[in-house]
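Below is one structure, written out as structure tokens, with a few remarks after it.
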Ligand SMILES: Cc1cc2nc3c(=O)[nH]c(=O)nc-3n(C[C@H](O)[C@H](O)[C@H](O)COP(=O)(O)OP(=O)(O)OC[C@H]3O[C@@H](n4cnc5c(N)ncnc54)[C@H](O)[C@@H]3O)c2cc1C
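Residue numbers (the working numbering): 2 to 389.
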């Protein structure tokens, strides 16, 4: 059965998120983008409004909502500010490995508090020497009696400077690549863990991005998520669950870029008429609408598969790839419709253009998504027409 109708609860959730995005996030977005200040108060407001940590199961005090609900909320937030949304939903990325593979005890100890008091969780695989090549990480863990000792540096960690909790991936000493990668839950106050000064970025400036240093960090064995060596698969499983949200962020940003472009085209005159009268401009905007619709459908499909316990790996990569590429294209075309003004920082379109770029990079670059899709096509896909 195919059903494109949202439930009443989903519509109510979307309306609540939209109201919060329009009334709270949008008015603040320019300030946080300009100053690079971390929007902690705003994130806390979102938490109080029940718009964060949506996927934490009910038995641990969470809302227990599905991926479909998550992408509905993320699209609305990102339409107002992608940077604030990146920080808001980094908690879903950080908590996902615990939700997916944590023990009951780990969930009670680390997920339940997230639902009771505003706090932030960061997810850390990337290092300065690797991002795409997750198996190539150099952070090392060594087992010593009832704890592991972690040493290394993590780079590009969203909310790292403010996180209360980290999920950190490291490789067992003397193992190679995928084999020995482990995931650990590491509270911020753990001795030997420190963060550097926030990284200065092109876009998503409201979102904090940090270096995390680990010097002889002792993590109790009970904080290992899953068996030793299961960390690589867990990271991939996490991305399968979180990539649809990047598709949703891209959809929200693209939708706003289209709306700004429409509004500007109706006002701006050239050659004694509104630029919206030019067919070239009309077609650019029509194409934007078609792509926004397609991005949303791919995102919802991936989220639906996840909610129905299906393998969503390819659908998630499709949603992330199409969303990222289309958001960049739409932001570029919207800026083009603004002409020279699009290039000025005092028009919102410049921020959307800067923010769109990140979707093609984090949680697996567009090239990595294409690798995932290509591998499926050449190794698993069953052609319909077999007679070639
Ligand atoms: C603002 C921001 C926030 C981030 N947040 C987090 C976070 O919270 N946690 C975290 O762990 N990481 C985070 N990252 C890191 C992010 O996931 C990586 O930057 C990303 O995966 C790319 O890795 P890299 O930068 O090392 O680029 P590289 O892996 O060095 O890639 C460089 C280029 O080579 C291409 N390339 C690499 N391998 C292949 C291949 N096999 N085939 C084709 N092309 C290839 C890439 O597509 C890219 O164009 C964040 C990054 C940014 C910028």
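Every residue, glycine too, gets a C-beta built ideally from N, C-alpha and C.
Predicted model only: the values in this text are computed from it and were never measured.
- Remark: fewer than three beta-carbon pairs, one from each stretch, lie closer than 8 Å, so the segment 133-148 and the segment 187-207 are not flagged as touching.
- Within the same chain, Cβ atoms closer than 7 Å to the Cβ of residue 221 are found at 147 and 148, the five residues on either side in sequence being excluded.
- The beta carbon of residue 246 lies closer than 7 Å to those of 71, 72, 75, 90 and 93 in the same chain, with the five residues before and after it left out.
- Comparing C-alpha distances from residue 97 to each of 250, 332, 47 and 123 shows the shortest one belongs to 123.
- At a cut-off of 6 Å, the beta-carbon of residue 158 counts as near ligand 1: some heavy atom of the ligand is closer than that.
- When only Cα atoms are considered, residue 320 and residue 173 end up about 33 Å apart.
- Note that the segment 202-219 touches the segment 155-165; at least 3 beta-carbon pairs, one per stretch, sit closer than 8 Å.
- Look at residue 124 here: in three-state DSSP terms it is strand.
- The C-alpha of residue 215 is placed about 20 Å away from the C-alpha of residue 230.
- Separation of residue 131 and residue 138 (C-alpha to C-alpha, rounded to the nearest whole angstrom) is 6 Å.
- Distances between the C-beta of residue 127 and the heavy atoms of ligand 1 include at least one below 6 Å.
- By the Cβ test, the segment 248-259 is in contact with the segment 291-311, since at least three Cβ pairs between them sit closer than 8 Å.
- In the DSSP assignment, the residues bridged to residue 195 are 214.
- In this structure, the C-beta of residue 117 stays at least 6 Å away from each heavy atom of ligand 1.
- DSSP places residue 188 in the strand class (E or B) of the three-state scheme.
- Per DSSP, the unbroken beta strand (DSSP E) holding residue 153 starts and ends at 148-159.
- In this structure, residue 306 lies near residue 316, with their beta-carbon atoms less than 7 Å apart.
- For residue 135, there is no enclosing alpha helix (DSSP H), as DSSP gives it neither H nor E.
- In terms of CA proximity to residue 68, 54 leads the group 54, 62, 285 and 121.
- Between the beta-carbon of residue 282 and that of residue 338 there is about 6 Å, and that keeps the pair under the 8 Å contact cut.
- Distance from the Cα of residue 205 is smallest, within the candidate group 36, 11 and 380, for 36.
- With a threshold of 6 Å, the Cβ atom of residue 363 counts as near ligand 1, since some heavy atom of the ligand is closer than that.
- Secondary structure note for residue 172: it is in no alpha helix (DSSP H), and the uninterrupted beta strand (DSSP E) holding it is 166-173.
- Residue pairing by DSSP places residue 145 opposite 148 in a beta bridge.
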